[in-house]
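A short worksheet on the structure shown next.
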Amino acid sequence: MNASASPRKRRKKPARKAGLFSWRYLLPAGFFVVLAVFLLLGLGRNPNEIPSPLIGKEAPAFELPRLAGVAAPVKATEAGKASGNAPAGSQAAGTQAAGTQTAQTPAAGDTQPAASKAPQTPDTSANGTNGTNSISSASLRGKPYLLNVWASWCMPCLQEHPQMMALAQRHRIRMVGMNYKDRPEDARRWLARNGNPFDEIMVDAQGRTAIDFGVYGVPETFLIDGEGRIRRKIVGAISIETLQNELLPAIEKLEAEAK
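Position one of the sequence shown corresponds to residue 1 (full-length UniProt numbering), numbered consecutively onward.
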């Protein structure tokens, strides 16, 4: 070999261009796939069914003042209980007992419904079933009950009210109202206008008990058994479909267990 010969210069190989399946492209694609999966799962779920860690557990202990000065609750007649047709989506779903008015949407600009001019049934709620001016979790034990968190300023509460009245007319279960962050006078006017489906009404003025129940917003409804355990939670307004397909079957199952 000639020592004087200059060494050959090696050609530099051109850098490979990033392929279509490199990480730079795979990561964004994978992100969108995962996002699409979660979106599809979310669309397939019932928006009224939000998981609660309290399902199957004892409801939080509480003792709240009673909302006094309201008309007696609507009660089902024996014939109505036997027929069992009230919430079937017919006129009965929005009809109330004699002497009360049907639920009406407030006129534009009317943030609080006006008081009803119809004569009201004498107040029987000042001292409730436990003979006191308060309602506690202990006093409600023994029989299943439906706890509905509502407020007079809540429009979805007004939307679900015909279903609550229909359920009260069938008198299938005790109905307990928790008036949430409301003024008592506004709550009384609202019930006077739209009817009272509740056997008991308690006032959660600060919303602390609702927080203990994990309430996201009003309305929310809890089905609680005779031992004080939460069996079901429904978030948002109860529609006719929710009443027929979810709530009534759950109530019937609970009643069958209690026999």
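Every residue, glycine too, gets a C-beta built ideally from N, C-alpha and C.
All figures in this text were calculated on a predicted structure; none of them were measured in a lab.
Exercise. Ends of the alpha helix (DSSP H) at Trp190?
Worked result: 184-194
Problem set entry | Straight-line Cα distance separating Ala166 from Phe213 | Between Phe213 and Ala166, the C-alpha separation is close to 25 Å.
Exercise. Taking just the CA atoms, how far does Ile240 sit from Ser139?
Worked result: Going by the C-alpha atoms only, they are around 30 Å apart.
For this session: Name the two residues that bound the continuous beta strand (DSSP E) containing Arg66.
Result: Note, Arg66: premise wrong, no beta strand (DSSP E); not H, not E.
For this session: Might you give, ordered along the chain, the residues of its own chain that have their beta carbon closer than 6 Å to the beta carbon of Arg188, omitting 5 neighbours on each side?
Result: If we look at Arg188 and ignore the five residues flanking it on each side, its Cβ neighbours are Gly69, Val70.
Problem set entry | Leu54 (DSSP reduced to helix, strand or coil) | Here Leu54 carries a coil assignment [DSSP, helix/strand/coil].
Exercise. Looking only at its own chain, which residues have a Cβ that is under 7 Å from the Cβ of Leu64, when we skip the five neighbours before and after it?
Worked result: Ser134, Ile135, Met202, Val203, Asp204, Thr209
For this session: With DSSP collapsed to three states, give me the class of Asp225.
Result: coil
For this session: For Glu255, collect the residues of the same chain with a Cβ closer than 8 Å to its Cβ; drop the 5 residues on either side in sequence, then sort them by chain order.
Result: Only residues of its own chain outside the window of five on either side were considered, and among them Pro144, Arg172, Ile173 have a CB closer than 8 Å to the CB of Glu255, listed in chain order.
Problem set entry | Endpoints, alpha helix (DSSP H) assigned at Lys253 | 248-258
For this session: Ignore the nearest five residues each way along the sequence and tell me which others in Arg229's own chain have a CB closer than 8 Å to its CB.
Result: Gly56, Lys57, Glu58, Ala59
For this session: Grab me the residues of residue 261's own chain with a C-beta within less than 7 Å of its C-beta, minus the 5 sequence neighbours each way, in chain order.
Result: Absent from the model: residue 261. The displayed extent of the chain is 1 to 259, so no value can be given.
Exercise. What is the C-beta distance between Val218 and Val149, in whole angstroms, given that I count them as a contact (C-beta under 8 Å)?
Worked result: 5 Å
Problem set entry | Glu78 burial status per 10 Å Cβ neighbour count (16 or more: buried) | Below a pLDDT of 50, predicted positions are generally treated as unreliable, and Glu78, at 44, falls in that range; no measurement from the model is reported.
Exercise. Taking the alpha-carbon positions, what's the Met175 to Pro53 distance?
Worked result: 23 Å
Exercise. Is the Cβ of Gly214 closer than 7 Å to any Cβ of chain D?
Worked result: Absence of chain D from the displayed structure is noted, only one protein chain being present.
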